[in-house]
Amino acid sequence: KPEDMKLLPGVPQALKKLKDAGYKLIVVTNQAEWQEVLYRRRCKNPSPVYEPAVRKEGAEIDAFYYCPHHPVHGIGAYKKVCNCRKPGTGMFEMAEKDFPVDRAASYMIGDKLLDTEAGQKFGVTSILVGTGYGAELHKEQQENGEKPPYVHYAADLEQAAQWILERK
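Our numbering applies: residue 1104 is where the sequence shown begins, and numbers increase by one.
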């Protein structure tokens, strides 16, 4: 439920630092539930659901793209395989139509390997964060000795933002 959504500590501040440094903040999510939330609220984009907490810290999300499809759990026309669902790059391509993207200077930050795989496929630097599923995935990647589909690992969004800002 939208009212149950809570931002992790430090997220608004990290977003503000990136925004202040000139980055566009674009959210891409596979959360198909947004379709229902948006329908109930009669709005076209999820920003009003969570943006007040981010805006309170002085940051603002530039755009929000979501995939309403799911190959197994989708309902009706939304039950399908699509290119917008990560690790596909469709949402990235939608964002590129709305915003000029300098891929060499852009980042995908996510807590799942499919997030970082999508970023890698699109040609941006991918960062895995340890919040959510990320810490366990990072540990597995290290133990298996596999080449991970991300360039950097950060414990949380604050560390990811700091790493990005140090590279700029």
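The C-beta atom is built at its ideal place from N, Cα and C for all residues, glycine as well.
Asn1247 has its alpha-carbon roughly 32 Å from the corresponding atom of Ile1129.
Taking every protein chain shown into account, the CB of Glu1243 has fewer than 16 other CB atoms within 10 angstroms, so this residue is exposed.
If one requires a minimum length of 3 residues, the beta strand (DSSP E) runs lying completely within the stretch 1169-1255 are 1210-1213, 1228-1232, in chain order. Here the alpha carbons of Gly1179 and Lys1271 stand approximately 45 Å from one another. By the neighbour-count definition (other C-beta atoms within 10 Å, threshold 16), Gln1223 is a buried residue. Rounded to the nearest whole angstrom, the CA to CA distance from Gly1193 to Lys1159 is 31 Å. With a threshold of 16 other beta carbon atoms within 10 Å, Lys1189 meets it and is buried.
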